[in-house]
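Novice:
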Amino acid sequence: MRITEARVIVTCPGRNFVTLKIVTDEGVTGVGDATLNSRELAVAAYLTEHVVPLLIGRDPARIEDTWQYLYRGAYWRRGPVTMSAIAAVDTALWDIKGKVAGLPVYQLLGGRSRSGVTVYGHANASSIESVLAEISSYVDRGYQAIRVQTGIPGLESTYGVSAGAHYEPADAALPTENVWSTAHYLDHVPRVFARVREEFGPTLRLLHDVHHRLTPIEAARLGRSLEPYALTWIEDPVPAELQEGFRLIRQHTTTPLAVGEVFNTIWDCQELITSQLIDYIRTTVVHAGGITHLRRIFDLAALYHVRSGSHGATDLSPVCMAAALHVDLAIPNFGLQEYMRHTPATDEVFPHSYWFEDGYLHPGEEPGLGVDIDEEQAARHPYRPASLPVNRLQDGTMHNW
Ligand code: KDG
Ligand code: MG
0 MRITEARVIV
10 TCPGRNFVTL
20 KIVTDEGVTG
30 VGDATLNSRE
40 LAVAAYLTEH
50 VVPLLIGRDP
60 ARIEDTWQYL
70 YRGAYWRRGP
80 VTMSAIAAVD
90 TALWDIKGKV
100 AGLPVYQLLG
110 GRSRSGVTVY
120 GHANASSIES
130 VLAEISSYVD
140 RGYQAIRVQT
150 GIPGLESTYG
160 VSAGAHYEPA
170 DAALPTENVW
180 STAHYLDHVP
190 RVFARVREEF
200 GPTLRLLHDV
210 HHRLTPIEAA
220 RLGRSLEPYA
230 LTWIEDPVPA
240 ELQEGFRLIR
250 QHTTTPLAVG
260 EVFNTIWDCQ
270 ELITSQLIDY
280 IRTTVVHAGG
290 ITHLRRIFDL
300 AALYHVRSGS
310 HGATDLSPVC
320 MAAALHVDLA
330 IPNFGLQEYM
340 RHTPATDEVF
350 PHSYWFEDGY
360 LHPGEEPGLG
370 VDIDEEQAAR
380 HPYRPASLPV
390 NRLQDGTMHN
400 W
């Protein structure tokens, strides 16, 4: 079997997605997600100009060799653009391998280690009272784990708090600006979780995303102040370029730490994992080099008591979500899977076999990944420029988003 064509499809059913579809001479096709939020066309161009020509004529069965060829062969290793492009190829090749074998991909990864994939949803609201209602609606739908974000009194807008049911981080063609105050935030968040525990009791799994906004000592204070409410994790407490910072947080708090949605390779997490500075690694298929590389990261993590907690925001397409579920089902050290839910328009462009029931996602039993792109539908939604917001301190200083 040989690869005869690889199409890069950009579509915007409410938000932008980049998909690679690999076609073989025997008619078997595979899909991979290549979406990099707010930088979509950079990956599309990388694929079209620098990767697709290398794929034509290759044997699609050689997944590992193709991965190494694209990684080592580029000379310019790593980085989100390169790794998302490699991920798309890798994912599509696993899809093809599953279809050729007549097996869902999780079977090729060793079979299921659990009956379903526990997911967490996002309860976002402007106030504590309104977030309680949001949490209730998740509990009613069977969710066992919920990420909780609220507006902060004294701040006009805050990351992760939306007006509608489907939160969309890339909210305008050019970046909008939020204003941030660490003092207001650190004062407010423990009040939120105190109230949530009072209302929902001790066992509902609760999570919170700090979104890289604190320094290590501030994050240590947050973690300690949240200890009475037994969170499953706080996520991205500090920007992770300076990983030594996690050591300081660790010394001061038993609140578990999660990080990794902006990591691209095993090298980005090696120190955090092997020094046991984190509890959950949140890399996922599209931004961390595909199924092949993600599995390698999770296998390393398994040696150090670190569990998976893959990123699953709506800017990762249903193709990534399907692939993530196959990995989640198979690995021994699965923790949680984020599931923000796509809009009906997105689900129409990406027909898929995965489904949600009682707090779990199931990838389904279709050969391959069980997801595809409807190219006619995709063509109805042309690309629209969209940017993630930026964040400034109250005095106007640029801060982390
Ligand atoms: O593209 C950025 C989003 O995926 C990100 O802001 C969402 O932090 C996020 C999360 O945890 O889902
Ligand atoms: Mg996050």
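Take 0 as the starting number for the sequence shown in numbering that gives the first Met the number 0 and just add one per residue. All C-beta atoms, glycine included, are put in the ideal place defined by N, C-alpha and C. As the structure is a computational prediction, the values presented were derived from the model and not from experiment.
Helix, strand or coil for Met397, going by three-state DSSP, please let me know.
Specialist: As a working note, residue 397 is residue 398 in the sequence shown. Reduced to three states, the DSSP call for Met397 is strand.
Novice: Just confirm the distance between the C-beta atoms of Val130 and Val188, as a whole number of angstroms; I'd bet it's less than 8 Å.
Specialist: Your numbering for residue 130 matches position 131 in the sequence shown. Your numbering for residue 188 matches position 189 in the sequence shown. About 12 Å; that fails the 8 Å criterion.
Novice: Taking 6 Å as the limit between beta carbons, can you name the residues of its chain near Arg212, skipping five residues before and five after?
Specialist: Translated into the one-based positions of the sequence shown, residue 212 becomes position 213. Closer than 6 Å at Cβ, skipping near neighbours: Asn399.
Novice: For Ile372, which residues in the same chain have their Cβ closer than 8 Å to its Cβ, ignoring the five residues on either side in sequence?
Specialist: Translated into the one-based positions of the sequence shown, residue 372 becomes position 373. Result list for Ile372: Ile8, Thr10, Thr18, Lys20, Val30, Val318, Val348 and Phe349, in chain order.
Novice: Quick one: Cα of Glu365 to Cα of His183, how far?
Specialist: Here residue 365 corresponds to residue number 366 of the sequence shown, with the count starting at 1. Here residue 183 corresponds to residue number 184 of the sequence shown, with the count starting at 1. Taking the straight line joining both Cα atoms gives about 49 Å.
Novice: I need the straight-line Cα distance from Pro236 to Asp139, nearest angstrom please.
Specialist: Within the sequence shown, the letter at position 237 stands for residue 236. Within the sequence shown, the letter at position 140 stands for residue 139. Using only the alpha carbons, I get a separation of about 30 Å.
Novice: By DSSP, does Ser309 sit in helix, in strand, or in coil?
Specialist: In the sequence shown, counting from the first residue as 1, residue 309 sits at position 310. Three-state DSSP puts Ser309 in a strand.
Novice: Can you name the residues that DSSP bridges to Pro103?
Specialist: For the purposes of this step, residue 103 is taken as the residue at position 104 of the sequence shown. In DSSP, Pro103 forms a bridge with Gly367.
Novice: Can you round the beta-carbon distance between Asn332 and Ala301 to whole angstroms, since I take them to be within the 8 Å contact cut?
Specialist: Walking along the sequence shown from the start, residue 332 turns up at place 333. Walking along the sequence shown from the start, residue 301 turns up at place 302. Correct: roughly 4 Å between the Cβ atoms.
Novice: Specify the secondary structure class of Leu203 as computed by DSSP and reduced to three states.
Specialist: Along the sequence shown, read from residue 1 onward, the residue named residue 203 stands at position 204. Leu203 carries a coil assignment under DSSP once its states are collapsed to helix, strand and coil.
Novice: I'd like to know whether the C-beta atoms of Thr253 and Glu226 end up nearer to each other than 9 Å.
Specialist: Counted from its first residue, the sequence shown places residue 253 at position 254. Counted from its first residue, the sequence shown places residue 226 at position 227. Going by C-beta atoms, Thr253 is nearer than 9 Å to Glu226.
Novice: Is it buried or exposed, Pro152, if we count other Cβ atoms within 10 angstroms and call 16 or more buried?
Specialist: Residue mapping note: residue 152 aligns to position 153 of the sequence shown, counting from 1. Per the 10 Å Cβ criterion, exposed.
Novice: Tell me which residues share the same chain as Asp278 and place their Cβ nearer than 6 Å to its Cβ, disregarding the 5 neighbours each side in the sequence.
Specialist: Position 279 of the sequence shown holds residue 278. Exclusion of the five residues before and after Asp278 leaves Pro255 and Leu256 as the residues of its chain whose Cβ lies within less than 6 Å of its Cβ.
Novice: How about Leu173: is its C-beta nearer than 9 Å to some C-beta of chain D?
Specialist: Note that chain D does not occur in the displayed structure, where there is just one protein chain.
Novice: Could you pull out every unbroken alpha helix (DSSP H) segment of at least 4 residues lying fully inside the stretch 234-274, listed in chain order?
Specialist: 243-251 and 265-273
Novice: Would you say the stretch 43-53 touches the stretch 112-127, given that touching needs at least three Cβ pairs under 8 Å?
Specialist: no
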